[in-house]
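Chains as they are written, first to last, in full-length UniProt numbering: chain A, 1 to 462; chain B, 1 to 462; chain C, 1 to 462; chain D, 1 to 462. Here a beta-carbon is modelled for each residue, glycine too, at the ideal position from N, C-alpha and C. Structure first, then comments.
Protein chains: 4
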Amino acid sequence: MKEAVKIVTIGGGSSYTPELMEGFIKRYEDLPIREIWLVDIEDGKEKVEIVGGLAQRMWDASPYDVKVYTTLDRREALKDADFVTTQFRVGLLDARIKDERIPSLYGMLGQETNGAGGMLKAFRTIPVIGEIIRDMRELCPDAWLINFTNPSGMVTEAAIKHFGWKKTIGLCNVPTIAMMAEPKLAGKDPKDLNYRFAGINHFHWHKVFDENGKDLTPELIEHINEKNGGTPANIYQAEFPMELLRSMNLLPCGYHRYYYVKQTMLDHALEEFREGGTRAEQMKQTEKELFELYKNTELHTKPEQLSKRGGAYYSDAACECIRAIYANQKIHMVVSTQNNGAISCLDDDSIVEVSSIISAAGAQPMAFGKLPPAEKGWLQMMKAMEECTIQAALTGDYGMALEAFVLNPLVENNKDTQRVLDELLVAHEKYLPQFSEKIQELKAAGVHTEDPAVEDLMKHGR
Amino acid sequence: MKEAVKIVTIGGGSSYTPELMEGFIKRYEDLPIREIWLVDIEDGKEKVEIVGGLAQRMWDASPYDVKVYTTLDRREALKDADFVTTQFRVGLLDARIKDERIPSLYGMLGQETNGAGGMLKAFRTIPVIGEIIRDMRELCPDAWLINFTNPSGMVTEAAIKHFGWKKTIGLCNVPTIAMMAEPKLAGKDPKDLNYRFAGINHFHWHKVFDENGKDLTPELIEHINEKNGGTPANIYQAEFPMELLRSMNLLPCGYHRYYYVKQTMLDHALEEFREGGTRAEQMKQTEKELFELYKNTELHTKPEQLSKRGGAYYSDAACECIRAIYANQKIHMVVSTQNNGAISCLDDDSIVEVSSIISAAGAQPMAFGKLPPAEKGWLQMMKAMEECTIQAALTGDYGMALEAFVLNPLVENNKDTQRVLDELLVAHEKYLPQFSEKIQELKAAGVHTEDPAVEDLMKHGR
Amino acid sequence: MKEAVKIVTIGGGSSYTPELMEGFIKRYEDLPIREIWLVDIEDGKEKVEIVGGLAQRMWDASPYDVKVYTTLDRREALKDADFVTTQFRVGLLDARIKDERIPSLYGMLGQETNGAGGMLKAFRTIPVIGEIIRDMRELCPDAWLINFTNPSGMVTEAAIKHFGWKKTIGLCNVPTIAMMAEPKLAGKDPKDLNYRFAGINHFHWHKVFDENGKDLTPELIEHINEKNGGTPANIYQAEFPMELLRSMNLLPCGYHRYYYVKQTMLDHALEEFREGGTRAEQMKQTEKELFELYKNTELHTKPEQLSKRGGAYYSDAACECIRAIYANQKIHMVVSTQNNGAISCLDDDSIVEVSSIISAAGAQPMAFGKLPPAEKGWLQMMKAMEECTIQAALTGDYGMALEAFVLNPLVENNKDTQRVLDELLVAHEKYLPQFSEKIQELKAAGVHTEDPAVEDLMKHGR
Amino acid sequence: MKEAVKIVTIGGGSSYTPELMEGFIKRYEDLPIREIWLVDIEDGKEKVEIVGGLAQRMWDASPYDVKVYTTLDRREALKDADFVTTQFRVGLLDARIKDERIPSLYGMLGQETNGAGGMLKAFRTIPVIGEIIRDMRELCPDAWLINFTNPSGMVTEAAIKHFGWKKTIGLCNVPTIAMMAEPKLAGKDPKDLNYRFAGINHFHWHKVFDENGKDLTPELIEHINEKNGGTPANIYQAEFPMELLRSMNLLPCGYHRYYYVKQTMLDHALEEFREGGTRAEQMKQTEKELFELYKNTELHTKPEQLSKRGGAYYSDAACECIRAIYANQKIHMVVSTQNNGAISCLDDDSIVEVSSIISAAGAQPMAFGKLPPAEKGWLQMMKAMEECTIQAALTGDYGMALEAFVLNPLVENNKDTQRVLDELLVAHEKYLPQFSEKIQELKAAGVHTEDPAVEDLMKHGR
């Protein structure tokens with residue numbers, strides 16, 4: 001019998017932590033846990049303590065004896081960890097507000113994982129993942145790193161390819177949500193379906209076969225614009241052009257709307273922004289309400305409200321993955337892992353999000369074979385954009401950041417492109433030490449934002 | 001001593017034919033010619049006769065005894081040809097008017113080689129190049145096909161990869177114009193410079209080294225936004241972002257403006273369109289004036305006016321290439337030819353526009369090595385777009401045409417995307433037999449254009 | 001509930017058929033069968049009837065009601081088949097005698113799947129698999145083809161890549177035997193191990209990880225020269241050089257001895273040949289004895305003697321694979337299937353033998369990632385040899401056959417190389433219609449064998 | 001006008017130095033030289049002084065005023081060098097004697113560039129090239145490194161790929177000799193022919209086209225077994241199988257005999273060895289005679305005897321290459337340079353020997369396109385063997401050395417394989433510091449050679 005494990009969650013003060021706890025409680029028989037550490041930073045102290053309290057109450061209400069620790073000392077937590085999960089957000093929601101507001105003000109997409117916002121999030125996050133790995137190398141050299149901090153694909157690529165932590169797996173809820181919806185749409189038992197996903201995080205396609213080997217993809221395409229068609233709740237469901245999907249005979253992910261019907265998505269996002277500000281601003285309110293609930297010492301279950309958010313099932317996917325590794329279950333999951341030929345038009349050492357078998361030996365991707373020509377072109381371009389973004393995040397190379405911006409289809413190429421990059425760099429100065437020289441230069445040249453909301457955030461320290 | 005050659009020009013009625021004649025006269029000592037055949041179709045009969053008359057007068061005024069034939073019978077002309085040049089335009093300038101007007105009316109780029117217009121031009125042209133090759137296989141199986149019909153890269157890819165005519169070389173004036181401008185900018189003798197071009201037609205980059213092996217690229221980048229910076233006259237010179245070019249350390253081609261500062265180019269094009277209609281409409285006027293000049297039986301030289309047009313030097317490049325093959329000159333030219341690894345991130349059988357050595361054995365491309373990551377992504381995406389376009393042109397597959405449209409960065413992805421494709425297909429019905437079934441369906445569904453100018457053209461037979 | 005299936009076995013008169021029956025009986029609950037057809041040719045009529053009788057008795061002794069048909073009419077059998085298994089041997093054992101004797105007489109390896117013999121077997125077999133597929137396309141267009149006719153990898157490559165039957169899976173007993181032996185050697189439960197096989201048929205390597213993700217490969221390497229180390233019974237166990245295996249940290253397959261210690265294997269084979277003739281001659285005797293047993297109408301189980309032969313577990317692997325497809329079991333098997341990037345240094349459309357997940361959707365290979373440099377070189381060379389062999393088999397191109405011979409490391413490159421090829425072609429004339437022109441030429445030039453045993457076979461019609 | 005250059009020759013005491021001087025004198029008008037430094041080590045002091053004297057006399061007899069320096073101080077010589085040529089031999093001819101004798105005693109090929117001998121030469125040479133580059137980085141950071149130390153391809157790969165000296169070009173006389181012979185065989189003017197070479201050093205193929213683009217390859221294949229067919233004088237001309245060459249339609253290099261008719265070459269080499277010892281022993285005698293000639297202070301030209309040796313034209317190729325760089329000549333040469341896709345089945349960063357254009361910007365390889373399948377397999381295997389050899393040379397990894405040995409087709413795989421490696425390592429101990437730990441272990445285990453000639457060399461210090 002294997003020993004019970006120590007799990008460490010970086011960014012433990014997240015409002016999603018109760019989902020994580022629920023996922024572990026549900027799987028305890030296969031995945032015995034000896035202790036859980038929720039790590040956060042000074043700015044997240046109050047939140048981690050509140051959610052840590054709820055977490056402990058959830059375990060106490062379960063049949064299992066698990067101790068939940070909260071700490072601001074990452075190194076103390078990492079010591080002898082078996083699994084480290086990352087769900088932190090550098091700069092908290094205030095940073096996301098900037099990511100979303102600044103591009104929006106120039107008529108560009110304000111979105112936290114794709115477009116300009118996602119790139120800045122990568123700039124802020126990748127150096128921190130590097131620090132975590134440096135600590136892990138010293139304190140828990142055999143641990144698995146299960147990342148679901150966004151942009152999950154780029155962060156995972158940095159972790160594996162650049163920081164050399166081969167035992168990293170990246171997760172996302174997008175494939176999970178599709179695989180929850182599709183059996184219902186097709187009238188099938190989930191366990192009978194055979195999935196073949198290929199792509200990168202927030203930019204993947206898949207095919208589905210039934211228990212007789214029949215390709216269900218054409219049938220499922222016809223349902224894709226339906227309300228329960230498998231798209232995460234946080235994505236506006238602009239209509240996919242059906243003749244496009246029928247031609248490729250692949251199921252796109254929800255985020256493909258940002259590319260295939262880009263202008264429609266942009267128009268909607270800008271309208272939302274004008275009417276109600278950014279998603280991040282709304283989320284801040286939602287979070288506040290959630291933490292009010294969490295404070296209630298009578299509460300010892302995950303509140304219903306959490307399941308309706310865009311980030312639902314991220315944590316569940318993490319629990320599922322950890323169990324599969326621990327219990328050597330050899331099950332199918334869609335994760336971000338090293339390509340190794342699974343998508344043959346990308347480099348072997350790229351990180352891709354593909355159907356994989358998860359076992360004690362980690363994630364082994366399944367070879368997808370050739371993509372159709374258009375999808376191949378899309379994917380190669382997007383991977384190049386990721387590579388440039390990661391390179392800029394690692395080195396603070398401004399030219400490379402600009403190349404990534406210009407290549408990204410969700411950044412408009414006009415006279416403001418460089419301005420948007422510049423304002424974002426200045427706005428996030430505190431979290432971008434690698435760009436500090438350039439930021440000083442930009443500030444000296446007078447680059448600043450005129451958005452009062454962002455100005456306000458900057459004045460108050462983030 | 002080798003025998004004098006027979007040259008056949010398909011689309012011989014083009015207003016550019018005098019440049020071609022001038023080019024051959026200039027090179028006659030290295031490239032003796034026994035006869036030249038100008039071939040055109042019924043609609044071009046008057047033009048080919050006018051320009052054929054001028055052509056003959058040009059030769060008569062030279063020291064060389066060359067007979068110029070004009071004919072509407074392509075097969076008669078092709079018999080025993082040594083070199084076949086293609087400069088035809090399916091549907092003449094009226095087709096170009098439609099290519100430019102319809103996207104413009106939906107706020108998209110109206111441009112004949114890139115964007116929606118270039119794709120429709122590929123749909124019309126590729127089947128015709130197939131017919132020409134079928135005739136060549138029978139009538140002049142050893143002839144070289146020198147293509148400068150646009151979109152030159154896609155037409156050349158179809159000729160080599162799909163129709164199997166290995167002895168095809170595609171030409172363009174864009175590299176020529178850059179290589180004419182840059183020695184002046186750098187204060188160098190042209191013969192001292194070492195060029196390394198890589199990319200595809202209208203989407204290539206290059207590096208330049210001097211007689212000491214020094215990389216002149218950084219220096220030339222600083223001149224790129226100048227009036228004489230090497231951009232063809234027909235491209236609006238929106239400013240390239242300098243930090244972008246410095247980062248990549250490659251000289252882009254003039255057409256890269258459509259991608260790197262896309263919105264600026266689009267805005268300018270739409271403004272031009274609102275003010276003065278399309279380029280094609282202007283060109284129609286210019287052509288009319290040129291043909292008036294050509295009719296003058298006193299004229300026996302290429303009129304000055306021709307050199308100032310966007311298409312200048314296309315013909316000269318063709319003459320240069322033919323001479324290099326005939327005289328086994330082993331010189332450097334930038335041509336569209338089979339990749340064979342020259343750009344290692346594209347397939348071996350793709351057609352690319354690269355620095356090549358031209359000899360009696362044809363074009364042998366020089367291996368460029370790895371592109372920087374952003375440029376690799378751009379190029380792979382654009383090649384995929386070309387592949388989808390060619391596939392649709394060959395098969396009439398509407399879904400594939402739509403995939404190509406959605407992938408093309410110069411086609412906006414909004415609610416009108418499919419409408420633009422549909423209107424273009426209907427407008428060009430006469431020249432798109434491969435799409436006829438779909439076009440009938442579109443027409444039955446009421447698809448039509450509301451542009452009076454296009455409607456007028458359609459009513460009058462094109 | 002799915003319907004019971006019809007299974008057709010080409011080469012049904014094989015002495016291995018009882019193992020196949022046993023395998024189906026054992027799995028009947030998961031894989032209900034409505035009828036089994038054993039197909040053979042005129043020369044195999046007596047054998048197929050004897051073994052068909054035993055097969056029916058085996059089913060009659062089981063709890064299941066399955067009818068076994070024997071026929072010489074392949075088309076009658078194929079009608080509406082669900083699974084077609086191929087275990088035929090073109091020219092029967094007499095052909096194998098020639099494959100083994102002729103190279104041996106020139107001091108080269110006489111071996112039926114590798115070396116000169118295996119290549120000639122490919123020449124004879126590939127055209128026949130093409131004919132079977134032609135029939136299947138017409139008579140059972142949805143059937144799976146489960147091939148275990150040797151050389152299994154090349155036959156499968158021809159079926160999928162050249163004859164276009166995508167629903168083909170190739171099987172072999174070599175991985176099965178290794179996976180039966182290794183859990184015992186490592187003291188592990190078979191279900192706990194994680195296997196990663198990569199290579200081509202009779203030329204693959206693998207790694208093994210335990211239930212904790214620990215790499216067991218180093219430990220298993222130390223056992224490889226042991227009697228029960230996982231090598232099939234028919235391969236002489238010359239010692240692998242341990243420092244070689246430790247360096248690569250991969251478990252080779254038993255057949256790698258023919259390459260890593262080539263001379264030792266050759267010396268042993270030649271000694272065996274001098275002492276006791278060929279394996280095929282011994283097998284002919286064994287077969288005779290087996291068929292004597294099979295005739296016994298009291299017998300209704302697979303005789304023990306069959307399990308000890310080199311070909312054991314081939315049939316069992318076939319049954320296992322068919323069950324996994326039928327019951328959509330998503331299990332790990334090592335099969336020959338289309339590469340699709342699983343081994344990234346080989347082409348996507350090559351057939352490889354790799355760890356795959358078998359489900360109703362067929363075999364999906366798992367991406368192995370980069371091979372170490374030496375193994376990459378070995379594998380690329382061997383795949384090239386296979387490609388040349390298949391090409392020669394399809395076209396009868398003598399030069400290509402010679403290129404394959406010279407490239408094959410098990411064919412000696414000396415003054416006799418071409419002679420061995422020539423004699424083999426002449427000796428197998430009856431089964432090599434694609435080479436008939438060359439064979440006539442060789443015969444006219446006096447090419448013949450001086451081996452009395454082969455001469456005798458040729459005189460008596462094979 | 002460019003400045004006159006400083007040339008440094010490492011291994012300046014070589015008997016081939018007079019050819020190098022002759023080459024520079026011949027090209028002085030295009031390549032003005034200010035000084036030449038001949039560098040050698042203590043053991044070569046006498047030789048470098050003798051040959052330096054002759055070199056100076058050769059220049060003095062020319063119209064040019066060039067000073068030849070001889071020195072044992074490499075760093076002094078490298079200071080401000082423009083071109084560094086390398087023609088040194090670690091361990092001098094005595095090391096070659098060991099490379100040739102030890103394999104021969106076990107019935108394997110004793111050959112200094114291919115087989116076991118060439119691999120050991122790589123082990124000895126690669127660390128030294130690393131030291132030279134370390135010095136160059138400091139003392140002449142802009143110099144070109146022109147390598148013709150064997151194994152030229154592997155040494156060049158180490159220099160470029162591992163030591164990072166991009167301005168390295170590797171040379172060999174094999175292509176030169178073929179391109180000298182073939183115009184005569186085809187009755188053509190050399191300048192009219194178009195060559196396309198592809199492969200790696202001592203393992204390349206080529207095609208030839210004439211001034212009309214006609215493929216002369218088939219015609220030249222028919223001459224290949226003739227005395228003046230283009231094979232270097234030092235290679236025994238066993239007959240190539242004509243049907244093999246006709247099938248591939250490529251001209252092999254002379255060294256391909258070691259692979260295509262391996263056993264014949266081995267038999268001949270072993271017979272030569274039994275009769276007259278090794279080539280190295282003969283060369284030692286030849287060298288002795290040459291240096292006697294060189295001592296003659298009346299001599300001021302390259303003696304005729306030098307042209308007849310296997311190494312002729314190496315130096316001339318070096319002079320030609322240096323001139324082409326200096327004078328920016330843009331000529332075709334066949335050199336070892338970075339692949340960059342020229343041979344698309346090898347990695348971009350591999351070093352290959354291919355048709356290249358040599359200019360001030362260095363060597364730009366021409367894209368060859370796909371090799372036929374058998375040649376692709378051969379080449380990938382040989383490149384893998386080189387990679388393993390280089391890896392072992394850099395790291396002293398014994399397992400990797402063994403993998404390279406087993407993969408090399410010219411090393412027999414039998415019970416002695418490891419023994420041959422072990423004896424060679426022990427015999428070359430002095431020059432293999434990277435392997436010293438393993439060598440101590442081997443010596444402790446009693447590994448030694450029983451060859452009296454080698455024992456004698458070892459006793460006397462090399």
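{"Asked": "Can you tell me which of the three DSSP states Ser355 (chain B) falls into?", "Found": "strand"}
{"Asked": "In terms of residue numbering, what span does the alpha helix (DSSP H) encompassing Thr125 (chain A) cover?", "Found": "Gly115 to Leu139"}
{"Asked": "For Phe435 (chain B) versus Thr417 (chain B), is the C-beta distance shorter than 8 Å?", "Found": "no"}
{"Asked": "Using the beta-carbon count (16 or more within 10 Å), is Asp210 (chain D) buried or exposed?", "Found": "buried"}
{"Asked": "Going by the CB atoms, is the gap between His428 (chain D) and Leu120 (chain D) shorter than 8 Å?", "Found": "yes"}
{"Asked": "Report buried or exposed for Lys167 (chain A), applying the criterion of at least 16 other Cβ atoms within 10 angstroms of its Cβ.", "Found": "buried"}
{"Asked": "Can you find at least 3 beta carbon pairs, one from the segment 213-225 of chain B and one from the segment 235-248 of chain B, that sit closer than 8 Å?", "Found": "yes"}
{"Asked": "One question on the structure: do Leu54 (chain D) and Cys319 (chain D) come within less than 8 Å of each other, judged by their Cβ atoms?", "Found": "no"}
{"Asked": "Determine the closest residue to Asn201 (chain B) out of B:Asn194, B:Ala181, B:Leu220 and B:Cys172, with distance taken between C-alpha atoms.", "Found": "B:Cys172"}
{"Asked": "Could you pull out every residue in the same chain whose Cβ sits closer than 7 Å to the Cβ of Met400 (chain C), ignoring the five residues on either side in sequence?", "Found": "Cys388, Gln391 and Ala392"}
{"Asked": "Can at least three beta-carbon pairs, one atom from the segment 263-278 of chain C and one from the segment 190-208 of chain C, be found at a separation below 8 Å?", "Found": "no"}
{"Asked": "Pull up the distance between the alpha-carbon of Ala233 (chain C) and that of His256 (chain C), whole angstroms please.", "Found": "14 Å"}
{"Asked": "By how many angstroms is the C-alpha of Met333 (chain B) removed from the C-alpha of Asp135 (chain D)?", "Found": "39 Å"}
{"Asked": "Any beta-carbon of chain A closer than 8 Å to the one on Trp378 (chain B)?", "Found": "yes"}
{"Asked": "Short check: CB of Asn328 (chain D) to CB of Ser307 (chain D), under 8 Å?", "Found": "no"}
{"Asked": "Indicate whether at least one CB of chain D lies closer than 8 Å to the CB of Gln263 (chain C).", "Found": "yes"}
{"Asked": "Mind reading off the beta-carbon distance from Asn414 (chain B) to Gln263 (chain A)? Whole number of angstroms is fine, and I expect it under 8 Å.", "Found": "3 Å"}
{"Asked": "Roughly how many angstroms separate the alpha carbons of Leu457 (chain C) and Tyr106 (chain C), rounded to a whole number?", "Found": "19 Å"}
{"Asked": "The beta strand (DSSP E) with Leu38 (chain A) in it runs from where to where?", "Found": "Ile33 to Val39"}
{"Asked": "Less than 8 Å between CB atoms is the rule here; does Glu112 (chain B) satisfy it with respect to chain D?", "Found": "no"}
{"Asked": "Anything in the segment 182-195 of chain A with a Cβ closer than 7 Å to a Cβ of chain C? List those residues in chain order, please.", "Found": "Asp192 and Asn194"}
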